[in-house]
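Input: a single structure, listed below in structure tokens.
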Amino acid sequence: DDTHFKTNPKIPGIDLNSVRTLFEVLSKPAFSGLLEQATKSFESLLIPQLPRSPPDVEAMRIYLILSEYPALQDSKNYIRLTIPLAMAILRLDANPSKVLDNWWCFMDDSFFTRMVDMYKSIVVFMLTGGKTVLVPVFYDNYFLATLRLLEKLHKVNLKANHVEYSRFYIPDITSLVDIQEDYLKWFLSKADIKMGSSPSEQNDFPSVNLCAFPFILNAQAKTTMLQTDAELQMQMAVSGANLHNVFMLLTLEPHLARNPYLVLHVRRNHLVSDTLRELTMYSDVDLKKPLKVIFDGEEAVDAGGVTKEFFLLLLKELLDPVYGMFTHYTESNLLWFSDKCFVEQNWFHLIGIICGLAIYNSTVVDLHFPLALYKKLLDVPPTLEDFKELSPTEARSLQQLLDYEGGDVEETFLLNFSITRENYGMTEIKELVPGGESIAVDKNNRKEFVEAYLCYVFSDSMCEQYSAFSSGFLKVCGGEILSLFQPSELMAMVVGNSNYNWEEMEKVSKMVKDLNTNTFTNRFQSARPILDSSFEI
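No gaps in the numbering here: position 323 of the sequence shown is 352 in this note's numbering, and each next residue is one more.
Spelled out as structure tokens, the structure:
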């Protein structure tokens, strides 16, 4: 609409390439005076006076233009220009704020990436040099504004997918901030409890909790957070047991004392039944205690190795195909919940508890589940992409159905709203919707067919089994801490990370092979740092 400069709430009507060209010209030495004058004007007049509710949609375009201003990238202008611009954006009323979000969604990736990287750099600046240039009250406000602007960009990215989720990570945080202390403060703030600290400590640590902005924390930081939460929960459970035991001694009833550990006595040849029996004896609070496993008739002290072996043997037995609890997809070598099995639901509940205990006791387990499982645990609906991971051939067929350009979908694919499943030699027809056998898939309803297909695989076919699994898992690992994770991050916590640096490992292997007995000690010491970094995972 030319009367509105080709601008509406979804289209800004700006050629950002021209904006960049203008600023590039102004950055030349010949225009240094003009650029300095513009910078001063932006700082003292324009940005401070940006209103909460702009007079019209055309006026909103100033936020896109200013974001391209090169001086914003200079750390000398973070306090003068860049953070005040973020504050002006955050001040916007709901409707203009949504307009800006829409525009950001349709911006090209390079524009969006520059904004993300710029405000990530400011976070690092605030954690290092920012403390020396701002008084505490302004420091908190400026730091919080930077994080909230990143949070706004992150929410836009969830819709627009401009960059990978990991683009928001700020790895420097792990070396600049005590993640354990930050998590503890965040945890206590959720419970409305304030930590006591001296004035000097208050200056050293910002009152802003980075754990409230989990999208900037990488896997290393989140692992530290989860371990801190586990230790905190364990200490609370142990303290509760010890306090109870003191009370029992005072009342002369020591037989009612509680063990500060979650102790499982099991026999190797009755592993599943013994574990089920032992866990039913404990309350939900007991599951938060440090785990100790005792194999019947064995004197080994559990310093971690016995627990690791317990998880390995138990899950191997639970996942045995003879029980039919899970379907093995040969093409992907992954498992998914079977729609037909011959065991009670408490077995699925047990697997959920075991996965939760493994995380809380810092033990990696070998579970061949797809990312879709961890999405469901975090209430993120699985998609066709997740089905491609689980069953590539089936998923490709569904994708071909969606991509088919001809008008004869019904005649070409010969599908209806039902699928055929084979269980133990018996063929069954499952209707995806009521009366699905009589509903043909055509060009108009093929999208609904794919959605119904995915709903059957990831929900309807295994509703009871998954419900039992998730209740067991969340009994141990539920709470606020879980909401800080992305599905891929949660998956890595359970099964570890399979992205190995094989080239580095090969180098180390050759070094080890070359070691001879005469110089073993000296050469091992020189190789030690490389070995440590390579095999740290």
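Note that beta-carbon positions come from the ideal geometry of N, C-alpha and C, so glycine has one too.
Residue i in three-state terms, based on DSSP
i      : result
ARG296 : coil
ARG81  : coil
PHE371 : coil
GLU327 : coil
SER104 : helix
THR157 : coil
SER447 : strand
MET455 : strand
GLU346 : helix
LEU64  : helix
LEU396 : coil
GLU460 : strand
GLN515 : coil
THR412 : coil
VAL335 : helix
MET522 : helix
MET116 : helix
SER391 : coil
VAL206 : coil
ASN170 : helix
ASN474 : coil
SER136 : The displayed chain sequence assigns Met, not Ser, to residue 136. Residue state, collapsed to three classes: coil.
ASN247 : coil
PRO200 : coil
LYS219 : helix
HIS191 : coil
GLY353 : coil
PHE242 : coil
LEU129 : helix
ASP122 : coil
VAL486 : helix
Cβ-Cβ separation, residue j to residue i (assumed contact under 8 Å), whole Å
i      : j      : result
ALA250 : TRP215 : Not really, about 12 Å apart at Cβ, beyond 8 Å.
TYR148 : LEU179 : 5 Å
PHE52  : TYR98  : 6 Å
ARG81  : LEU119 : ARG81 to LEU119, Cβ: 10 Å. No contact.
LEU129 : MET89  : 6 Å
GLU509 : LYS69  : That belief does not hold up - the Cβ atoms of GLU509 and LYS69 are roughly 45 Å apart, past 8 Å.
ASP315 : VAL295 : Not really, about 16 Å apart at Cβ, beyond 8 Å.
VAL394 : ALA401 : That pair is no contact at about 18 Å.
HIS113 : ILE76  : It should be noted that the sequence gives Pro, not His, for residue 113. Contact holds; Cβ gap of about 5 Å.
PRO399 : GLU373 : Actually they do not touch by this definition, with Cβ atoms about 25 Å apart.
Own chain residues within Cβ distance below 6 Å of residue i, not counting five before or after
i      : result
GLY42  : PHE34, LYS35 and THR36
ILE94  : VAL48
GLY385 : PHE502, VAL505 and CYS506
VAL524 : LEU396
Classification of residue i by the beta-carbon crowding that lies within 10 angstroms, buried from 16 upward
i      : result
THR175 : buried
GLU518 : buried
GLY645 : This structure gives no information on residue 645, because the portion of the chain shown stretches from 30 to 566.
PRO593 : Nothing can be reported for residue 593, as the shown portion of the chain is limited to 30 through 566.
PRO516 : buried
GLN262 : buried
ASN106 : buried
ASP54  : Per the sequence shown, the amino acid found at residue 54 is Val instead of Asp. Exposed, because fewer than 16 other Cβ atoms sit within 10 Å of the Cβ of VAL54.
SER367 : buried
GLN494 : buried
LYS345 : exposed
CYS506 : buried
LYS317 : buried
LEU239 : buried
VAL166 : exposed
ASN473 : exposed
ALA59  : exposed
PRO421 : exposed
HIS378 : buried
ASN186 : buried
LYS334 : The sequence shown places Gly at residue 334, not Lys. Exposed, since its Cβ has fewer than 16 Cβ neighbours within 10 Å.
Bridge partners - residue i, DSSP secondary structure assignment
i      : result
TYR358 : LEU363
ASN37  : ILE40
SER150 : Bridge partners of SER150: none, in fact.
ALA469 : ASN445
VAL322 : LEU293
Own chain residues within Cβ distance below 8 Å of residue i, not counting five before or after
i      : result
GLU466 : ASN445, PHE446, SER447, ILE458 and GLU460
THR336 : LEU320, LYS321, VAL322, ASN390 and THR392
LEU430 : VAL438, PHE442, LEU444, VAL470, ARG475, PHE478 and VAL479
SER499 : GLY381, LYS405 and LEU406
ALA521 : ALA248
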